[in-house]
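Numbering (the numbering used here), first residue to last: 1108 to 1709. Below is one structure, written out as structure tokens; the observations come after it.
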């Protein structure tokens, strides 16, 4: 009875709630009864059982799929796992697996019997809670998914239970009479499970928990689970059609055959479905030539070009292609197959260009590489949609790689870093808070260097040659410094380069209110720092004139900020060369990487 109460509490989802205050005492009693003195083990097993009990039956699940689901998501599994731990019956997982072919039938028969007896109770509980869509009961499935009435569903379950018990006993006797080596613990486990299941079945058939007269819901209420007989129902093989189908022309489809191809637009798995589409004409309302296929099947929108237009535009603009070039340089050391290298280059380039589109929106920047920004050409909404679409596309590309799991992990990690860095930058900009130098370095290491690390980690995952962890970590630090150098260099060039001014506008970062190493140094060292703050953050930055930008730039120069930043860039550049020499000493020459570093020199 105590075991039944615990199992029932698990099935009802009441474990560790005020409605289940008896469970601790019950667990202690179970521990004593089964001679398991490690109470924490029982608690762990019960929590595992409870966690799977919260899984819901999928609405499209067939009866065969449900039975598999039920074997793994029932209180009977908890009972069997507890039995396997009893003192003197230490049964290994391998031994349990060796008899699962007939023990699982025993457990399933008890689970289905529980579905049969507990259906009115479960229906009432789910009905009062307003969550009928989550009821996980074979009776409900047979009624709503196949069109059987309650009596028909009950007869089907009784037949299933009888057949399961018969087959389980036949297989048990064959196992018992075989010459297989069986430990005493395994024999004890099997006999205990069978005896316990039999006792539990007997208890269910007499328990007041199920045979009650105080239900507020009725058989008529439960009958509403049955679908309209003219709707598309599952066809249960081996059983006659529901009586309600007599005299009806009803379309049926074997639920096991329905696949995801129906979602993707293919009808190959739905050839037995004869559902007709209705086209509603509205001519009678004075609108001529208008028909609506209001009940047509799903059709995939032919909008891939629309999704990609902003990306195709931004990627067509001339750029340095640094991220893709980095993949080529690392190929020298990692010997990644050509196909994988191209996928990694495409994936990282997609994410890089997507981040540029998002940056331009968040920075209120109207130009990119001397041309209108993507959101100026296509609108903010369409551009944001494109960023989301291409982000998903990058993950799809990961699935084509040999070590997709490792590459996907790298993608998750570095996107997390990227958005974390972006969050810092946006926070500082919105709140007009000047970060410290170290905070700024952390931001660019997360945001910008993340793209460089992503390429490295994906190339390493697809590598044909092995590399020690120490060498990988050294290379990872080098790549992070390369990304750090790239961003500080870019910020510096934005203020001093005529080429940058032609492409993005004169000192465009000042108009956008972006913090850079130069600006942080100025605000901490210029005697006119308050004046600069007022000019940058006190009014409408979009209307910042060229004269104001020229003034701020002159104050930056007077404060020594440009010289300071140039010195930092030079120091970083020399550090990159020293590290590259050390890497080549152990990994071999890499002329492509040398060329890339040289290309980025100011």
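Glycine residues also receive a C-beta, built at the ideal position from the N, C-alpha and C atoms.
Simplified DSSP assignment, three categories, for residue i
i            : result
residue 1291 : helix
residue 1376 : Low confidence applies here, because residue 1376 scores a pLDDT of 35, under 50, leaving its location unreliable; read the following figure in that light. Helix.
residue 1306 : helix
residue 1129 : With a pLDDT of 43 at residue 1129, under the threshold of 50, the modelled position of this residue cannot be trusted; read the value that follows with caution. In this structure, residue 1129 counts as coil in the three-state DSSP scheme.
residue 1514 : helix
residue 1419 : helix
residue 1181 : coil
residue 1258 : helix
residue 1317 : coil
residue 1709 : coil
residue 1711 : Residue coverage of the chain in this structure runs from 1108 to 1709, which leaves residue 1711 outside it and unanswerable.
residue 1355 : Unreliable placement is indicated for residue 1355, whose pLDDT of 47 sits below 50; the coordinate value is still reported in the next sentence. Residue state, collapsed to three classes: coil.
residue 1265 : helix
residue 1626 : helix
residue 1297 : helix
residue 1542 : coil
residue 1186 : helix
residue 1283 : helix
residue 1528 : helix
residue 1159 : Here the model assigns residue 1159 a pLDDT of 45, short of 50, so the residue's position is not dependable, and the following value carries that caveat. Three-state DSSP puts residue 1159 in a helix.
residue 1173 : helix
residue 1424 : coil
residue 1792 : The structure shown does not extend to residue 1792, since the chain is modelled only from 1108 to 1709, so the question has no answer here.
residue 1198 : coil
residue 1412 : helix
residue 1403 : coil
residue 1242 : coil
Terminal residues of the alpha helix (DSSP H) in which residue i lies
i            : result
residue 1641 : 1636 to 1644
residue 1452 : 1445 to 1469
residue 1651 : Unbroken run through residue 1651: none, as it is neither H nor E.
residue 1559 : 1556 to 1568
residue 1595 : 1576 to 1603
residue 1430 : 1429 to 1441
residue 1672 : 1668 to 1694
residue 1229 : 1207 to 1236
residue 1503 : 1487 to 1505
residue 1253 : 1245 to 1253
residue 1328 : 1326 to 1330
Which residues DSSP lists as bridging residue i, in chain order
i            : result
residue 1478 : 1475
residue 1620 : Beta-bridge pairing links residue 1620 to no other residue.
Supposed contact pair residue j and residue i - C-beta distance, whole angstroms, cut 8 Å
i            : j            : result
residue 1322 : residue 1231 : 5 Å
residue 1666 : residue 1628 : 7 Å
residue 1662 : residue 1639 : 6 Å
residue 1578 : residue 1694 : 7 Å
residue 1078 : residue 1245 : The first residue shown for the chain is 1108 and the last is 1709, placing residue 1078 beyond what the model contains.
residue 1190 : residue 1296 : 6 Å
residue 1328 : residue 1234 : 7 Å
residue 1656 : residue 1614 : 4 Å
residue 1494 : residue 1531 : Not a contact, Cβ separation roughly 19 Å.
residue 1525 : residue 1554 : 6 Å
residue 1632 : residue 1668 : 7 Å
residue 1217 : residue 1307 : 6 Å
residue 1591 : residue 1556 : 6 Å
residue 1198 : residue 1292 : 5 Å
residue 1248 : residue 1168 : 7 Å
residue 1700 : residue 1448 : That belief does not hold up - the Cβ atoms of residue 1700 and residue 1448 are roughly 15 Å apart, past 8 Å.
Closer than 7 Å: residue i CB and nearest the ligand COA heavy atom
i            : result
residue 1465 : No copy of the ligand COA occurs in the structure displayed, which carries no ligand at all.
(message) Using a Cβ distance threshold of 8 Å, determine whether the region 1267 to 1277 contacts the region 1200 to 1218, with at least three qualifying pairs required.
(response) yes
Answer yes if the region 1504 to 1520 comes into contact with the region 1536 to 1556, meaning at least three C-beta pairs across the two stretches below 8 Å, and no otherwise. The way I'd put it, the region 1536 to 1556 doesn't touch the region 1504 to 1520; fewer than three beta-carbon pairs between them come closer than 8 Å.
Exercise for the section: Give a yes or no on contact between the region 1477 to 1490 and the region 1428 to 1446, applying the rule of three or more CB pairs nearer than 8 Å. Expected result: no
Practice item. Would you check if the region 1417 to 1432 and the region 1544 to 1557 touch, i.e. whether three or more CB-CB distances between them fall below 8 Å? Key: no
*Examine the Cβ distances between the region 1241 to 1260 and the region 1298 to 1318 and report whether three or more of them are shorter than 8 Å.*
no
message: Assess contact between the region 1457 to 1465 and the region 1571 to 1588, defined as three or more Cβ pairs (one per stretch) separated by less than 8 Å. Is contact present?
response: Judged by Cβ distances under 8 Å, the region 1457 to 1465 makes no contact with the region 1571 to 1588, as fewer than three pairs qualify.
query: With contact counted as at least three CB pairs below 8 Å, one residue from each stretch, are the region 1548 to 1564 and the region 1512 to 1523 in contact?
result: yes
Count the C-beta pairs between the region 1591 to 1602 and the region 1445 to 1456 that are closer than 8 Å, then say yes if the count reaches three, no if not.
no
Review point. Taking contact to mean at least 3 C-beta pairs separated by less than 8 Å, is the region 1339 to 1352 in contact with the region 1259 to 1271?
Key: yes
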